[in-house]
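Working notes for the structure below.
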Amino acid sequence: MKRQHIFGPVSSRRLGCSLGIDLVPCKICTYNCVYCECGATTHRTTRREIFFPVKELYAELTEFLSSSPLLDYITFSGSGEPTLSLSIGAVIRFLKDNYPSYRVAVLTNGSLLSDPDVRRALLPADVVLPTLSTVVKQTFLKIHRPDHGISLERMLEGLVQFRKEYSGEIWLEVFIITGINTSDEELAGLRKILKDINPDRVQLNTLDRPGTEEWVLPATRKELDRVETMLDFATAEKVELFPHRTMKTLYAIDPVEQICEILKRRPCTVDDIVSATGLRTIEVVKILRDMAATTDLMTKREARGLFYYFRD
Ligand code: SF4
């Protein structure tokens, strides 16, 4: 069966061996973040929709999970904001009802948590990973370039309210951009709101792949250490930037298809692909060379190495 709505499993920096679910077409989002590794948002909206018949996804999940693969998480992620999908609650319930041994994670920008329907839809998930980069309106607009229907105040209220209603784990991502949200004032504001949100973990993240805007620079380890100290939150941790995980098992997926799926969603170095797929370096290099000759695969050199990507 051709897989359209699930991808991977990939080795995720935050979630280990993760099967991805993509509920939203590329690239529909409530934000157009300057650091987005999926490229610029082509349709910015707050309107929730059903983007495809959910039966298609259930068929793909049933086929893939029938062999009981070893996974750390099944993760709602992909190339847009997953809570824009009106199907997300039903799909989480489908997974918990039919595959209760798997942990379900939702990567969200958190912008729609002010909507009670969205909060209710996420309740059965094991882990929700929202993003919060600032409590300063100008900085919020500069980093996330949200749809006009999004307000920072409502987003923050939604996060605080979600904590009250949700009994699973919240791992809050704080995305750090050097010189943009790293001033003492910015970090003092974040430190204050963290107490209200009370996440189970705070994960400090920074640019790891080419972002949408060239001027976005990754924070250094020293800067992240400073941010960690300033936030003064017991469970704050830096997302490991250069993991070398081994996949728990090898999956019978065509490696070319697997690499295409990954690169369609985000730029990667050869090492990233090796880490995400468990393939050998020599295999990945050969596949990329063939792809470069036959597709519109592109490359871009960044501090961390040569990134391969597809752009529309
Ligand atoms: S980083 Fe996430 S929230 Fe921001 S534009 Fe990309 S997909 Fe949307």
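According to this note's numbering, the sequence shown is numbered sequentially starting from 1230. The C-beta atom is built at its ideal place from N, Cα and C for all residues, glycine as well.
Legend entry - Contact belief for ASN1427 with VAL1403 at Cβ below 8 Å, rounded distance in angstroms: Your numbering for residue 1427 matches position 198 in the sequence shown. Your numbering for residue 1403 matches position 174 in the sequence shown. Contact between ASN1427 and VAL1403 does not hold, since the beta-carbon distance rounds to 14 Å and is not under 8 Å.
Legend entry - Buried or exposed (CB count within 10 angstroms, at least 16 for buried), HIS1234: Within the sequence shown, the letter at position 5 stands for residue 1234. Flag for HIS1234 reads buried.
Inset, instruction - For ASN1338, verify whether its CB is less than 6 Å away from any heavy atom of the ligand SF4. - result: Here residue 1338 refers to the residue found at position 109 of the sequence shown. For the ligand SF4, at least one heavy atom lies less than 6 Å from the Cβ of ASN1338.
Inset, instruction - Look at the alpha carbon of LYS1256 and the alpha carbon of VAL1356, and state the distance between them as a whole number of angstroms. - result: Mapped onto the sequence shown, residue 1256 falls at position 27. Mapped onto the sequence shown, residue 1356 falls at position 127. Going from the Cα of LYS1256 to the Cα of VAL1356 covers about 24 Å.
Legend entry - Beta-bridge partners of ILE1257, as assigned by DSSP: Position 28 of the sequence shown, counting from 1, holds the residue named residue 1257. Answer by DSSP bridge pairing, in chain order: HIS1272.
Inset, instruction - Within 10 angstroms of the Cβ of ILE1327, are there 16 or more other Cβ atoms? Answer buried if so, exposed if not. - result: The residue given as residue 1327 occupies position 98 in the sequence shown. Checking the sequence, you will find Asn at residue 1327 rather than Ile. The residue in question, ASN1327, is exposed, as its Cβ has fewer than 16 Cβ neighbours within 10 Å.
Inset, instruction - Buried or exposed for LYS1231, please, with buried defined as at least 16 other CB atoms from any protein chain shown within 10 angstroms of its CB. - result: Sequence index remark: in the sequence shown, residue 1231 carries index 2 (1-based). That one is exposed.
Legend entry - C-alpha gap between LYS1421 and ASP1461, whole angstroms: One-based indexing of the sequence shown puts residue 1421 at position 192. One-based indexing of the sequence shown puts residue 1461 at position 232. Taking the straight line from one Cα to the other gives about 10 Å.
Legend entry - Any non-hydrogen atom of the ligand ZN within 6 Å of TYR1260 CB: Among the ligands modelled here, namely the ligand SF4, the ligand ZN does not occur.
Legend entry - Contact test: CYS1255 Cβ vs the ligand SF4 heavy atom, cutoff 6 Å: In the sequence shown, residue 1255 corresponds to position 26, counting from 1. If you check the C-beta of CYS1255 against the ligand SF4, you find no heavy atom less than 6 Å away.
Inset, instruction - Check whether the Cβ of CYS1246 lies closer than 6 Å to any heavy atom of the ligand SF4, and answer yes or no. - result: Counting from 1 along the sequence shown, the entry for residue 1246 is found at position 17. No, the beta carbon of CYS1246 sits no closer than 6 Å to any heavy atom of the ligand SF4.
Inset, instruction - Pull up the distance between the alpha-carbon of ALA1354 and that of ALA1522, whole angstroms please. - result: Reading the sequence shown from its first residue, position 125 is the one you call residue 1354. Reading the sequence shown from its first residue, position 293 is the one you call residue 1522. Their backbone Cα atoms lie some 42 Å apart in a straight line.
Legend entry - C-alpha gap between GLU1414 and SER1296, whole angstroms: As a working mapping, residue 1414 is identified with position 185 in the sequence shown. As a working mapping, residue 1296 is identified with position 67 in the sequence shown. So the alpha carbons of these two residues sit roughly 51 Å apart.
Inset, instruction - Look at the alpha carbon of GLU1497 and the alpha carbon of VAL1514, and state the distance between them as a whole number of angstroms. - result: Mapped onto the sequence shown, residue 1497 falls at position 268. Mapped onto the sequence shown, residue 1514 falls at position 285. Rather than Glu, the amino acid found at residue 1497 in this sequence is Cys. Straight-line spacing of the CA atoms in CYS1497 and VAL1514 works out to 12 Å.
Legend entry - Cβ neighbour criterion (16 or more within 10 Å) applied to ASP1437: Within the sequence shown, the letter at position 208 stands for residue 1437. The residue is buried, with at least 16 neighbouring Cβ atoms inside 10 Å.
Inset, instruction - For THR1312, verify whether its CB is less than 6 Å away from any heavy atom of the ligand SF4. - result: Taking the first residue of the sequence shown as 1, we reach residue 1312 at position 83. In terms of side-chain proximity, the C-beta atom of THR1312 is found no nearer than 6 Å to any non-hydrogen atom of the ligand SF4.
Inset, instruction - Count the other CB atoms, across all protein chains shown, that sit within 10 Å of the CB of SER1241; report buried if there are 16 or more and exposed otherwise. - result: Counting from 1 along the sequence shown, the entry for residue 1241 is found at position 12. SER1241 comes out buried.
Inset, instruction - Report the three-state DSSP secondary structure of ALA1354 (helix, strand or coil). - result: Here residue 1354 is taken as the residue at index 125 of the sequence shown, counted from 1. Looking at ALA1354 - three-state DSSP - the assignment turns out to be coil, as it is neither helix nor strand.
Inset, instruction - Rank ARG1494, GLU1386, ASP1501 and ARG1430 by C-alpha distance to the C-alpha of LYS1467 and give the top, closest one. - result: Looking up residue 1467 in the sequence shown gives position 238. In this structure, ARG1430 is the residue among ARG1494, GLU1386, ASP1501 and ARG1430 with its C-alpha nearest to the C-alpha of LYS1467.
Inset, instruction - Could you tell me the distance, in whole angstroms, from the CA atom of ARG1383 to the CA atom of VAL1263? - result: Taking the sequence shown and counting its residues from 1, the one referred to as residue 1383 is at position 154. Taking the sequence shown and counting its residues from 1, the one referred to as residue 1263 is at position 34. Between ARG1383 and VAL1263, the C-alpha separation is close to 21 Å.
Inset, instruction - Determine which residues share a DSSP beta bridge with LYS1467 and list them. - result: By one-based count along the sequence shown, residue 1467 stands at place 238. Beta-bridge pairing links LYS1467 to LEU1433.
Inset, instruction - With DSSP collapsed to three states, give me the class of GLY1249. - result: Within the sequence shown, residue 1249 is the residue found at index 20, counting from 1. DSSP places GLY1249 in strand when its eight states are reduced to three.
Inset, instruction - My understanding is that GLU1452 touches THR1510, with C-beta atoms under 8 Å, so please give their C-beta distance in whole angstroms. - result: By one-based count along the sequence shown, residue 1452 stands at place 223. By one-based count along the sequence shown, residue 1510 stands at place 281. 31 Å between Cβ atoms; not a contact.
Legend entry - Residue span of the alpha helix (DSSP H) that contains ILE1511, given as start and end: Here residue 1511 corresponds to residue number 282 of the sequence shown, with the count starting at 1. Annotation: the continuous alpha helix (DSSP H) that includes ILE1511 extends over 1510 to 1523.
Inset, instruction - Report yes if the CB atom of LEU1517 is closer than 7 Å to the CB atom of PRO1484, and no otherwise. - result: As a working mapping, residue 1517 is identified with position 288 in the sequence shown. As a working mapping, residue 1484 is identified with position 255 in the sequence shown. Going by beta carbons, LEU1517 and PRO1484 fall outside the 7 Å limit.
Legend entry - Through-space distance from THR1368 to GLU1292, alpha-carbon basis: Here the question's residue 1292 lines up with position 63 in the sequence shown. Here the question's residue 1368 lines up with position 139 in the sequence shown. Each residue's Cα considered, the two are about 44 Å apart.
Inset, instruction - Could you tell me whether the Cβ atoms of SER1314 and VAL1253 are closer together than 7 Å? - result: Mapped onto the sequence shown, residue 1314 falls at position 85. Mapped onto the sequence shown, residue 1253 falls at position 24. Cβ atoms of SER1314 and VAL1253: closer than 7 Å.
Legend entry - Candidates ARG1533, GLY1378, ARG1540 and SER1316, of which the one nearest LEU1351 by Cα: Looking up residue 1351 in the sequence shown gives position 122. Ranking ARG1533, GLY1378, ARG1540 and SER1316 by Cα distance to LEU1351 puts SER1316 first.
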